[in-house]
Amino acid sequence: MPNIFVIFYHKIIPKWGHSKAVSTFDIEMKIIKKYFDCITLDDVYEYLTTNKQPKRNSIVISFDDGFVDNFVYAYPILKKYNLKATIFPITSRIIKEDFVRPSLEDYWNNKISKNQLYQPLGMGEAHKEFLEKGKSYDFLTVAELNKMKDVFNIEGHAKIHAKVFYEDKILDFYDGKNGHWSAPYSYSEKNDFSSLEYPVVGYPIFPDKNNLAVKRGFLKKEIKDFIKNLDKSFFNKKNWKENLRKELEKNFNSFLYFETEEERINRVKNELIEAKRELEEMIGQKVNHISYPFGHYDDVLINLSSEIYLTGYTTEKDIIRKNQNFHKLPRIEISKDFISFFTKIIKYSSLFL
């Protein structure tokens, strides 16, 4: 029997690097066009809720976060092969402006030179720029998002999209180079971006996950003050991390304080509702599906999401099956190399069986 599965990308860039190269993406879309039915998330929902069966191996192409290279590079290639796709933009990252940048299609039509096409940042760089400046032009404008609607279905990916601490267990210490790009949000006292706090050398690093998927932990003020008051010479010693751990464990019983369960539920529910409303206002269409940021989820998020969306997507690798929880549906990440793409479509389809 033919299979249905969902794949996802983040960035499509004009050269080989940490993200998918344009030339590789073109080859992959050509293969999908030849061997698969390209369907939508609404089609998946219909499959799950009716007796309808796929006639061929079927695939949903999706993109996370809403990077502008999805418009500049992926969108024209998808149009070329007459393929549909889904994009899950982060509402806080969407640029509330009305301009549209040149795309690969403009280059094909000799309207611009290749070097006039937008040159994307790395994924982490784009998110860092957003946190630092409150805006990153590496993300889509509202106008670009709407221009893509002939190819892309637009669905939810929440609003904050940052990691927070969830376990009072020190994994490491910030040394000026390590840590996730969302650290300024992780260390802040706010649930929005109004008061970010950039870590100082010595701040503990804890286990972190998507802010929607956990009860949020905050680094205690007395811990921050203790570290800030240490003499700078303390951090010149080779084993300063080991010494700092001992000092903290000697002087404090715990390092994080946590929001209550009620606070967590209200925070998550409000973000899900607000993100859906914002996106629907931007595009003038209903938003029915969500992909969970970083693929993280727990029972609380699943239950709240099920009140708002028809389906929810994880990053767990599998095909779509009739008996699956509608709010824990799998998606398969496609990494930058073609071999990864090819092996995954063989594994998850009956194409070559």
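Be aware that the sequence shown starts at 1, since it is given in full-length UniProt numbering, and climbs by one per residue. A virtual CB, placed ideally from N, CA and C, is assigned to each residue, including glycine.
Asked                                                                                                                                                            : Found
Helix, strand or coil, according to DSSP, for Asp337 in the structure here?                                                                                      : coil
On the CB-based measure, 16 or more other CB atoms within 10 Å of its CB, does Asp150 come out buried or exposed?                                                : exposed
With a CB to CB cut of under 6 Å and the five nearest residues on each side skipped, what residues in its chain are close to Leu329?                             : Thr311 and Tyr313
Answer yes or no: do Leu289 and Gly156 have a C-beta to C-beta separation smaller than 9 Å?                                                                      : According to the sequence as given, residue 289 is His; it is not Leu. Yes, the pair counts as a contact, with Cβ atoms nearer than the cut-off.
Short of 7 Å in beta carbon distance, which residues of its chain neighbour Phe342, apart from the five on each side in sequence? Order them along the chain.    : none
Can the beta-carbon of Tyr137 be found closer than 9 Å to that of Tyr174?                                                                                        : no
Mapping DSSP to helix, strand and coil, what is Ala21?                                                                                                           : strand
Apart from the five residues just before and just after Gln116, which ones in its own chain have a Cβ nearer than 7 Å to its Cβ?                                 : Pro102
What is the DSSP secondary structure of His127, reduced to helix, strand or coil?                                                                                : helix
According to DSSP, is Pro204 part of a helix, a strand, or is it coil?                                                                                           : strand
Just to confirm, is the Cβ distance from Leu41 to Gln324 under 9 Å?                                                                                              : no
Whole-angstrom Cβ separation of Ser92 and Ile4, contact assumed at under 8 Å?                                                                                    : Their Cβ separation, rounded to whole angstroms, is 31 Å, which puts Ser92 and Ile4 out of contact at 8 Å.
Determine, using beta carbons only, whether Asn210 and His161 come nearer to each other than 9 Å.                                                                : yes
Between Asn153 and the rest of its own chain, which residues show a CB-CB distance below 6 Å, the 5 nearest in sequence each way excluded?                       : Thr40 and Thr86
Are the beta-carbon atoms belonging to Tyr45 and Leu131 less than 9 Å from one another?                                                                          : no
Quick one: is Tyr73 buried, meaning 16 or more other Cβ sit within 10 Å of its Cβ, or exposed?                                                                   : buried
Only counting the same chain, and skipping five residues up and downstream in sequence, which positions put a Cβ closer than 8 Å to that of Ala143?              : Glu97, Asp98, Phe99 and Val100
Excluding five sequence neighbours on each side, which residues of the same chain lie with their C-beta closer than 7 Å to the C-beta of Ala275?                 : Thr91, Gly156, Ala158 and Lys159
Starting from Phe235, follow the alpha helix (DSSP H) in both directions and report where the run begins and ends.                                               : Where Phe235 is concerned, there is no enclosing alpha helix (DSSP H), given that its DSSP letter is neither H nor E.
If we require 4 or more residues per run, which alpha helix (DSSP H) segments fall completely within the segment 173 to 205?                                     : 183 to 186
Got a sec, what are the start and stop residues for the beta strand (DSSP E) Asn57 sits in?                                                                      : It is not in any beta strand (DSSP E) - Asn57 carries neither H nor E in the DSSP assignment.
What are the partner residues of Thr311, as DSSP defines its beta bridges?                                                                                       : His289
In three-state DSSP terms, what is Lys209?                                                                                                                       : strand
Here's a check: name, in chain order, each residue in its chain whose Cβ is nearer than 6 Å to the Cβ of Arg264, leaving out the five neighbours to either side. : Lys215
Verify the CB distance criterion: does Tyr73 have a CB-CB separation below 9 Å to chain B?                                                                       : The question asks about chain B, but that chain is absent: this structure has only one protein chain.
Please state whether DSSP places Asp318 in a helix, a strand or coil.                                                                                            : coil
In three-state DSSP terms, what is Pro89?                                                                                                                        : strand
Taking the C-alpha atoms as reference points, what is the distance between Val268 and Glu189?                                                                    : 16 Å
Going by the DSSP bridge assignment, what does Tyr9 pair with across the sheet?                                                                                  : Phe63
Figure out for me which residue from Asp231, Ser305, Ile12 and Met282 has the closest Cα to the Cα of Leu78.                                                     : Ile12
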